[in-house]
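**Q**
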Amino acid sequence: MNSCTERLKNGIITENPTFVMMLGMCPTLAVTSSAVNGLGMGLTTTVVLILSNAFISLLRKVIPDKVRIPGFIVIVASFVTMIQLLLKAYLPFLDSALGVYIPLIVVNCIILGRAEAYASKNSVVPSIFDGLGMGLGFTFGLTCIGICREILGAGAIFGIEFIPDDFHITFFVLAPGAFLVLAFLTAIQNKLQMPSATNVEKDDSLSCGGDCAACTGASCVANKGIIEAERAAAKAAKAQAAKEAAAKAKAAKEAKAAAEKKED
7 MNSCTERLKN GIITENPTFV MMLGMCPTLA VTSSAVNGLG MGLTTTVVLI LSNAFISLLR
67 KVIPDKVRIP GFIVIVASFV TMIQLLLKAY LPFLDSALGV YIPLIVVNCI ILGRAEAYAS
127 KNSVVPSIFD GLGMGLGFTF GLTCIGICRE ILGAGAIFGI EFIPDDFHIT FFVLAPGAFL
187 VLAFLTAIQN KLQMPSATNV EKDDSLSCGG DCAACTGASC VANKGIIEAE RAAAKAAKAQ
247 AAKEAAAKAK AAKEAKAAAE KKED
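Numbering (my numbering), first residue to last: 7 to 270.
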């Protein structure tokens with residue numbers, strides 16, 4: 007699974023850091039009070055992910071295994087420092103809004119996780135697209151949460167107010183609102199992506215009976231793979247049956263034509 011499109015799909019959909027893997031929850035809950043903050047944090051993290059993945063992949067055969075984690079942290083910290091200086095110079099309002107959460111990107115589990123799990127074991131180009139996919143998935147998650155919280159809590163989107171002050175729900179711009187919005191968006195994602203008791207028949211071969219796949223536990227991930235394999239097999243069997251039926255119809259047609267010709 008190293009093709010560029012697969013890496014992008016993996017980060018944005020299959021293993022979305024926010025809604026599937028539940029990684030980077032600190033900035034996800036803390037800085038998403040507005041769409042601009044969510045988008046800014048997401049794009050900043052994406053740039054760091056791409057650069058750190060590329061650099062770690064280049065040095066994967068040079069960095070000693072015993073000190074790989076400190077080495078990864080030094081590389082990530084270097085890129086985070088450069089990005090923060092650029093933000094201070096060209097986007098000071100965003101730097102001020104994100105505050106301490108920019109330096110905390112250094113220890114973000116998404117970046118260190120991708121460095122350890124993928125970049126340190128694969129070549130440069132797939133690692134770059136892995137970082138891009140994960141970064142875009144993270145950006146998508148933060149932006150969605152920021153948009154929901156800003157609309158409900160401030161009656162605006164990207165700073166443009168369109169709902170009167172009397173209808174603002176201040177709760178959603180506070181910390182509890184962040185948890186609630188994250189929960190609702192994750193529930194929607196689970197409903198769309200994961201099989202459940204309402205759309206999958208129970209199967210005794212599954213450890214959970216096939217009715218708890220909305221969770222992201224290891225057993226349910228395995229169960230989803232079993233279900234997808236069964237669906238693929240059923241689809242292949244259906245295609246084969248259709249092919250055999252078409253062949254039989256063709257043979258019958260040819261036999262009929264031959265019989266008519268013989269009678270003539």
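Cβ atoms here follow ideal geometry from the backbone N, Cα and C, with glycine treated the same way.
#1: How about LEU148 and GLY17: are their beta carbons less than 7 Å apart?
#2: Taking the CB atoms as reference points, tell me whether LEU100 and GLY46 lie closer together than 7 Å.
#3: Pick out the complete beta strand (DSSP E) segments inside the region 140-205, 3 residues or longer, and give them in chain order.
#4: Please classify MET28: does DSSP put it in a helix, a strand, or coil?
#5: Less than 7 Å between C-beta atoms, sequence neighbours within five positions excluded: which residues of the same chain meet that for TYR124?
#6: Please report the distance separating the alpha-carbon of THR34 from that of SER126.
#7: Kindly indicate which three-state DSSP category ILE108 falls into: helix, strand or coil?
#8: Sort SER102, THR192, ARG237 by Cα distance to ASN22 and report the nearest one.
#9: Give the range of the alpha helix (DSSP H) segment to which ARG74 is assigned.
#10: Assuming THR24 and PHE144 are in contact, meaning their beta carbons sit under 8 Å apart, how far apart are those beta carbons, in whole angstroms?
#11: What first and last residue would you give for the alpha helix (DSSP H) that runs through ALA121?
#12: Going by beta-carbon coordinates alone, are PHE85 and LEU57 separated by less than 7 Å?
**A** This is what the structure gives:
#1: Stepping through the sequence shown from its first residue, residue 148 is reached at position 142. Stepping through the sequence shown from its first residue, residue 17 is reached at position 11. Not closer than 7 Å, so no.
#2: Locating residue 100 in the sequence shown gives position 94, counting from the first residue. Locating residue 46 in the sequence shown gives position 40, counting from the first residue. Yes. Within cutoff.
#3: Taking only runs of at least 3 residues, no beta strand (DSSP E) segment lies wholly in the region 140-205.
#4: The residue you call residue 28 lines up with position 22 of the sequence shown. MET28 falls in the coil class under three-state DSSP.
#5: Residue numbering aside, residue 124 sits at position 118 when the sequence shown is read from its first letter. For TYR124, same chain residues with a beta-carbon under 7 Å away, outside a window of 5 residues either side, are SER133, ASP136 in chain order.
#6: Start at 1 with the first residue of the sequence shown, and residue 34 comes out as number 28. Start at 1 with the first residue of the sequence shown, and residue 126 comes out as number 120. Rounded to the nearest angstrom, the gap between the Cα atoms of THR34 and SER126 is 26 Å.
#7: To locate residue 108, count along the sequence shown from 1; it is residue 102. Reduced to three states, the DSSP call for ILE108 is coil.
#8: Walking along the sequence shown from the start, residue 22 turns up at place 16. Selected option, being the one with the closest Cα: THR192.
#9: On the sequence shown, position 68 is the one that residue 74 refers to. Per DSSP, the unbroken alpha helix (DSSP H) holding ARG74 starts and ends at 74-96.
#10: Here residue 24 refers to the residue found at position 18 when the sequence shown is read from its first residue. Here residue 144 refers to the residue found at position 138 when the sequence shown is read from its first residue. Contact flag correct, Cβ pair sits at about 6 Å.
#11: By 1-based counting over the sequence shown, the position of residue 121 is 115. Here the alpha helix (DSSP H) through ALA121 covers 115-123.
#12: In the sequence shown, residue 85 corresponds to position 79, counting from 1. In the sequence shown, residue 57 corresponds to position 51, counting from 1. The Cβ atoms of PHE85 and LEU57 sit closer than 7 Å to each other.
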